[in-house]
Each structure stands twice: as structure tokens, then as C-alpha cells.
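Residue numbers (the numbering used here): 4 to 74. C-beta: ideal position from N, C-alpha, C; glycine also. Everything numeric in this text was worked out from a predicted model, so none of it was measured.
Structure representation (C-alpha cells):
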């Protein structure tokens with residue numbers, strides 16, 4: 004405990020994350036741009052509001068790396 008990771012902040016392609024803030028509009032704007040141009044994104048439902056790159060394959064994706072006990 005007491006450690007910080009910040010990997011999600013580092014990988015966000017539009018700098019929508021910080022330790023204190025999430026720019027949902029910036030994230031959504033990037034997703035909307037990708038939806039029209041990248042394979043696999045065009046099938047996403049309109050209700051999708053974030054791209055998820057900040058959560059994919061991160062140390063905390065499947066467990067809390069700061070926890071003393073497994074989740």
C-alpha cells in the first residue's frame with residue numbers, strides 16, 4: 004500500500020486521465036473518431052462511451068496489485 008502505478012494514465016492515447024480527473028468527453032471523442040476508421044470499432048454499440056485502452060492489460064485489469072489479499 005502507499006504505492007502508485009499510473010500505467011493507465013501513461014497509455015491513454017488522448018491524455019484523458021490524470022490522478023484527479025477523467026476527461027470523459029475527450030475519451031468519447033477519440034472513440035467516435037475510431038469508430039469510423041478502425042476495423043472492429045464500427046460494430047461497437049452507440050451506447051459505448053469509452054475506448055477502454057486505459058484498462059486493457061493493466062496490472063489492475065484482473066486484480067488489485069496493491070492489495071495484501073487476493074480479491
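task = Just confirm the distance between the C-beta atoms of residue 57 and residue 20, as a whole number of angstroms; I'd bet it's less than 8 Å.
result = Rounded to whole angstroms, the Cβ separation of residue 57 and residue 20 is 6 Å, and the two are in contact under 8 Å.
ask   = Taking the C-alpha atoms as reference points, what is the distance between residue 41 and residue 67?
value = Cα to Cα, the separation comes out at about 31 Å.
request  = Pick out whichever of 16, 7, 33 and 29 has its Cα sitting closest to the Cα of residue 22.
outcome  = Here the closest residue by C-alpha is 7.
query = By Cβ distance below 6 Å, which residues in the same chain neighbour residue 15 in space, the five residues on each side in sequence not counted?
reply = Within its own chain, the residues whose Cβ lies closer than 6 Å to the Cβ of residue 15, once the five positions on either side in sequence are excluded, are 57, listed in chain order.
request  = Could you give the DSSP three-state label for residue 60: helix, strand or coil?
outcome  = Reduced to three states, the DSSP call for residue 60 is coil.
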